[in-house]
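**Q** Sequential numbering from 5 applies to the sequence shown in the numbering used here.
Note that CB positions come from ideal geometry on N, CA and C, so glycine has one too.
Quick one: the structure is below, and I'll ask about it shortly.
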Amino acid sequence: MEDDSNHFSKPETPNTMKAEAEAEERDPESNSSLSEPLLKRNGTLSSNPLALVGATVSHIESLDYEINENDLFKHDWRSRSKVQVLQYIFLKWTLAFLVGLLTGLIATLINLAIENIAGYKFLAIVGFIKEERYLSGLVFFTGVNFVLTLVAAVLCVCFAPTAAGPGIPEIKAYLNGVDTPDMFGATTLLVKIVGSVGAVSAGLDLGKEGPLVHIGSCIASLLGQGGPDNYRLKWRWLRYFNNDRDRRDIITAGCSSGVCAAFRSPVGGVLFALEEVATWWRSALLWRTFFSTAVVVVVLRAFIEICNSGNCGLFGTGGLIIFDVSDVKVSYQAMDIIPVIIIGIIGGFLGSLYNHLLHKILRLYNLINQKGKLHKLLLALGVSLFTSVCQYCLPFLAQCKACDPSFPEVCPTNDRSGNFKQFNCPDGYYNDLATLLLTTNDDAVRNIFSSNTPSEFQYTSILIFFTLYCILGLFTFGIAVPSGLFLPIILMGSGYGRLLSMLLGSYTNLDQGLYAVLGAASLMAGSMRMTVSVCVIFLELTNNLLLLPITMIVLLIAKTVGDSFNPSIYEIILELKGLPFLDANPEPWMRNLTVGELANAKSPAVTLSGVEKVSRIVDVLKNTTHNAFPIVDQDVLVPGTVVTGATELHGLILRAHLVQALKKKWFLAEKRRTEDWEVQEKFNWVELSERELKIEQVAVTHDEMEMYMDLHPLTNTTPYTVVESMSVAKAMVLFRQVGLRHMLIVPKYQGAGVSLRLPTL
Numbered sequence: 005m006e007d008d009s010n011h012f013s014k015p016e017t018p019n020t021m022k023a024e025a026e027a028e029e030r031d032p033e034s035n036s037s038l039s040e041p042l043l044k045r046n047g048t049l050s051s052n053p054l055a056l057v058g059a060t061v062s063h064i065e066s067l068d069y070e071i072n073e074n075d076l077f078k079h080d081w082r083s084r085s086k087v088q089v090l091q092y093i094f095l096k097w098t099l100a101f102l103v104g105l106l107t108g109l110i111a112t113l114i115n116l117a118i119e120n121i122a123g124y125k126f127l128a129i130v131g132f133i134k135e136e137r138y139l140s141g142l143v144f145f146t147g148v149n150f151v152l153t154l155v156a157a158v159l160c161v162c163f164a165p166t167a168a169g170p171g172i173p174e175i176k177a178y179l180n181g182v183d184t185p186d187m188f189g190a191t192t193l194l195v196k197i198v199g200s201v202g203a204v205s206a207g208l209d210l211g212k213e214g215p216l217v218h219i220g221s222c223i224a225s226l227l228g229q230g231g232p233d234n235y236r237l238k239w240r241w242l243r244y245f246n247n248d249r250d251r252r253d254i255i256t257a258g259c260s261s262g263v264c265a266a267f268r269s270p271v272g273g274v275l276f277a278l279e280e281v282a283t284w285w286r287s288a289l290l291w292r293t294f295f296s297t298a299v300v301v302v303v304l305r306a307f308i309e310i311c312n313s314g315n316c317g318l319f320g321t322g323g324l325i326i327f328d329v330s331d332v333k334v335s336y337q338a339m340d341i342i343p344v345i346i347i348g349i350i351g352g353f354l355g356s357l358y359n360h361l362l363h364k365i366l367r368l369y370n371l372i373n374q375k376g377k378l379h380k381l382l383l384a385l386g387v388s389l390f391t392s393v394c395q396y397c398l399p400f401l402a403q404c405k406a407c408d409p410s411f412p413e414v415c416p417t418n419d420r421s422g423n424f425k426q427f428n429c430p431d432g433y434y435n436d437l438a439t440l441l442l443t444t445n446d447d448a449v450r451n452i453f454s455s456n457t458p459s460e461f462q463y464t465s466i467l468i469f470f471t472l473y474c475i476l477g478l479f480t481f482g483i484a485v486p487s488g489l490f491l492p493i494i495l496m497g498s499g500y501g502r503l504l505s506m507l508l509g510s511y512t513n514l515d516q517g518l519y520a521v522l523g524a525a526s527l528m529a530g531s532m533r534m535t536v537s538v539c540v541i542f543l544e545l546t547n548n549l550l551l552l553p554i555t556m557i558v559l560l561i562a563k564t565v566g567d568s569f570n571p572s573i574y575e576i577i578l579e580l581k582g583l584p585f586l587d588a589n590p591e592p593w594m595r596n597l598t599v600g601e602l603a604n605a606k607s608p609a610v611t612l613s614g615v616e617k618v619s620r621i622v623d624v625l626k627n628t629t630h631n632a633f634p635i636v637d638q639d640v641l642v643p644g645t646v647v648t649g650a651t652e653l654h655g656l657i658l659r660a661h662l663v664q665a666l667k668k669k670w671f672l673a674e675k676r677r678t679e680d681w682e683v684q685e686k687f688n689w690v691e692l693s694e695r696e697l698k699i700e701q702v703a704v705t706h707d708e709m710e711m712y713m714d715l716h717p718l719t720n721t722t723p724y725t726v727v728e729s730m731s732v733a734k735a736m737v738l739f740r741q742v743g744l745r746h747m748l749i750v751p752k753y754q755g756a757g758v759s760l761r762l763p764t765l
């Protein structure tokens, strides 16, 4: 059979498009007798870039986003009534509603816990300071932060290692088509929630925004699959969503809901998913995602109204990030564009520099973490001690400033929050550095973003603040706790933005708080390389549309400058984690390499007949790692002609479907094709979407090995098929935009006088 089936090439996978040449060298099927050439030519390579293929090989599984149009799927779709179709659509919207509701509730609970834990901690510090027990205050402050960090680190190290970090790079890889193991489980969700509370309450230089994105995605995944693996609900209506395609859509909605919960930015959340993480989009998904974020906003607004009445302990309007500068009159002249451009240039340069240094530090942390769990814990606790000592001791270096009666807030204050903290100063004076350091990160950003306060902060205080958070931003990210990059970058950017405005002085008409906002936006664009979503998020945060023109200028300049140095921080993390990712734009050398040349450099594919012997199927599954196999029939009568002896590419069958057929004993005593009723009696389309079963778990007797299986009803008869002369660049774009896992390559010429019947692309 294999000798005559040399017209079709091996299906390729999206996460190995750049790794074709070396992938098979480490696969067990490389030297297998099962392999026979399907595309035999003596062609020469047109360029040297083939040597680049295989530089980054990954053996992580891909996801099947393509609709598998086999006979069972077609029958199921034809047999669905209008009521069932409407029910399916209604359930999608119901899941979108539940994702938004639960994400909003959990985000509120996280904020409640952080504000109360951190609030009572800072109030206790105020008591020590009033009594001039400075050393006791340091021991208490450091000890509490140490315990909170220990709880978060132990949970991540011992129970859910995938809960450490922001989780956004892994979500980005998943939505790109890569199965990231253990990223969306129930244990990961619980550890992410508790760990975020502990790490943020401990005063570490990290935010809860990245973890909230991961939390929203975990909620969406668990709802879509009916709960955790060990306690999964088997309701029939839930099983319709147990496929990669629907699960991807639900996780996209969860990702957007997480961003919305972090910033109270529904439109920004949708745009974040569209711009940064999702590589496949459609209008129906846009509406459901926006609906989820709208539910999140309603939940957050309701809890804010409840908490404003004083029923949430120390949680008030400061518990959720909101930097309202709508009362600032934004007026700028042509000369103000110059400092705005400077902010964008500085933000792009500093963002790329931050990415470069963080890349080096993460490599160092990787070496430390490889030594074991104890080293992970010691690293996290060491960073916690350093952070606590700096936050407590550095305010003593600042000079006390006299309160100005024109200040819009109470001055000085020793409450949980406030813009003018007294700390160690006498009555009538405040410590501006303590206002920024001895508070939660949310309040620190709110204070430095404060408008109409040109004389509130000193040069030295802002310089110390900016330098400290640059150091902490580099050394905190990467420890074994849930952490986000949004807030550390906002803190650094707002610091240099405010410092620049103070240096310009009377040469600019813009408020110092607005410079802090622009600095934060520029650094985010320079590091994360996002523009549209960041612009909308900041507009929704500041509640001031007049900032739109200058914010757009800053973001565009910062991204352009950053792109000229290195990739975005999330792409760097993806590379460090070894997660394959298809870039949006193909490399130039891919234009000079065809998919036929790529297939010729690989080991040939393994094909199966439409009616195949059980022993061969078992042998193929046990001795190969391919996830799909072309179904090729010999001696076929060409429809509409009298030509016989043709070779037919019937389609592509998935490994999971073969294992499912073996499990259900889909065996025939004789070599024949089955009737439709036989297949529908044995299988249903919902069962075929499940892929947890492995070939090692299926037992086949010696007698059954001699029987046959009809694979035609389980075969996807419409796989994506391309001609061997297509460039690799064009094929990669097709992989990414359609969300493919497999692609068949067929020859440009075929013998025997029969024209090759190609599927329509």
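Start and end of the beta strand (DSSP E) containing valine 726?
**A** Run containing valine 726: 725 to 727, per the beta strand (DSSP E) assignment.
**Q** Cβ of tyrosine 396 within 7 Å of Cβ of proline 416?
**A** No, they are not a contact pair.
**Q** How is the beta strand (DSSP E) around alanine 402 delimited, first residue to last?
**A** It is not in any beta strand (DSSP E) - alanine 402 carries neither H nor E in the DSSP assignment.
**Q** Can you check which of these residues, Leu625, Ile657, Trp670, is closest to isoleucine 699 by C-alpha distance?
**A** Ranking Leu625, Ile657, Trp670 by Cα distance to isoleucine 699 puts Leu625 first.
**Q** By DSSP's criteria, serine 66 is part of a beta bridge. Which residues make up the other side?
**A** Partner(s): Val182.
**Q** What does valine 103 pair with, by DSSP beta-bridge criteria?
**A** Beta-bridge pairing links valine 103 to no other residue.
**Q** What does DSSP give as the partner residues of aspartate 714 in its beta bridges?
**A** Aspartate 714 pairs with Val615.
**Q** If you measure between the beta carbons of phenylalanine 479 and serine 487, is that distance less than 7 Å?
**A** In this structure, serine 487 does not lie closer than 7 Å to phenylalanine 479 by Cβ.
**Q** By the DSSP assignment, the alpha helix (DSSP H) with valine 302 in it spans what residues?
**A** 287 to 311 is the extent of the alpha helix (DSSP H) around valine 302.
**Q** Restricting to runs no shorter than 3 residues, where is the beta strand (DSSP E) found entirely within the stretch 587 to 668?
**A** Complete beta strand (DSSP E) runs here, min 3: 615 to 617, 632 to 640, 650 to 658.
**Q** Please state whether the Cβ-Cβ distance between alanine 521 and glycine 272 is less than 7 Å.
**A** Just to set this straight, residue 521 is valine in the shown sequence, not alanine. No; because the gap between Cβ atoms is not below 7 Å, this pair is not in contact.
**Q** For valine 538, which option in Thr555, Leu549, Leu550, Asn548 has the closest C-alpha, if you only look at C-alpha atoms?
**A** It is Thr555 whose Cα lies nearest to the Cα of valine 538.
**Q** So, at 6 Å on beta carbons, what are the nonlocal neighbours of glycine 258 in its own chain, with the 5 sequence-adjacent residues on each side left out?
**A** Val103, Gly220, Ser221, Ile223, Ala224.
**Q** Do the stretch 134 to 145 and the stretch 164 to 171 meet, that is, are 3 or more Cβ pairs less than 8 Å apart?
**A** No, they do not touch.
**Q** Taking just the CA atoms, how far does alanine 128 sit from valine 387?
**A** If I take the Cα positions, the gap works out to 22 Å.
**Q** Applying the 10 Å Cβ sphere with the 16-neighbour rule, what's the burial state of glutamate 174?
**A** That one is buried.
**Q** Smallest Cα separation from valine 615: which of Met709, Lys364, Lys675?
**A** When only C-alpha atoms are compared, the closest one is Lys675.
**Q** Pick out whichever of Gln229, Leu226, Ile197, Leu227 has its Cα sitting closest to the Cα of glycine 214.
**A** When each option's Cα is compared against that of glycine 214, the closest is Ile197.
**Q** For the beta strand (DSSP E) that leucine 748 lies in, which residues bound it at each end?
**A** Element bounds for leucine 748: 748 to 750.
**Q** Based on the DSSP secondary-structure assignment, which residues constitute the bridge partners of tyrosine 434?
**A** In DSSP, tyrosine 434 forms a bridge with Lys405.
**Q** Are the CB atoms of alanine 164 and threonine 184 nearer to each other than 7 Å?
**A** No.
**Q** Would valine 217 be called buried (16 or more neighbouring beta carbons within 10 Å of its own) or exposed?
**A** Buried: at least 16 other Cβ atoms inside 10 Å.
**Q** Taking the alpha-carbon positions, what's the leucine 116 to alanine 122 distance?
**A** If I take the Cα positions, the gap works out to 10 Å.
**Q** If I follow the unbroken alpha helix (DSSP H) through cysteine 222, where does it start and stop?
**A** Unbroken alpha helix (DSSP H) run through cysteine 222: 213 to 228.
**Q** Is it right to say lysine 811 is buried, meaning 16 or more other beta carbons lie within 10 angstroms of its own, or is it exposed?
**A** The question about residue 811 has no answer, for the chain in this structure spans 5 to 765.
**Q** Following the continuous alpha helix (DSSP H) through methionine 556, name the residue where it begins and the one where it ends.
**A** Here the alpha helix (DSSP H) through methionine 556 covers 552 to 567.
**Q** Quick one: what's got a C-beta closer than 8 Å to isoleucine 255's C-beta in the same chain, skipping five residues either side?
**A** Excluding positions up to five away in sequence, the list reads Ile175, Tyr178, Leu179, Phe188, Ser221, Ala224, Ser225, Gly228.
**Q** Is the Cβ-Cβ distance between cysteine 394 and leucine 472 less than 7 Å?
**A** Going by C-beta atoms, cysteine 394 is nearer than 7 Å to leucine 472.
**Q** Out of Ile749, Lys752, Phe739, which one is the CA nearest neighbour of tryptophan 284?
**A** Among Ile749, Lys752, Phe739, the Cα nearest to that of tryptophan 284 belongs to Phe739.
**Q** What residues match up with leucine 672 in a beta bridge as DSSP calls it?
**A** Tyr712.
**Q** Hey, is the stretch 62 to 82 in contact with the stretch 149 to 165, meaning 3+ C-beta pairs nearer than 8 Å?
**A** As far as the Cβ criterion goes, the stretch 62 to 82 does not touch the stretch 149 to 165, which means the pair count is below three.
**Q** Can you tell me which of Ala665, Leu658, Leu105 puts its alpha carbon nearest to the alpha carbon of valine 299?
**A** Measuring from the Cα of valine 299, the nearest candidate turns out to be Leu105.
**Q** Nearest to alanine 603 by alpha carbon, out of Tyr574, Val646, Ala735, Thr705?
**A** The option with the nearest alpha carbon to alanine 603 is Ala735.
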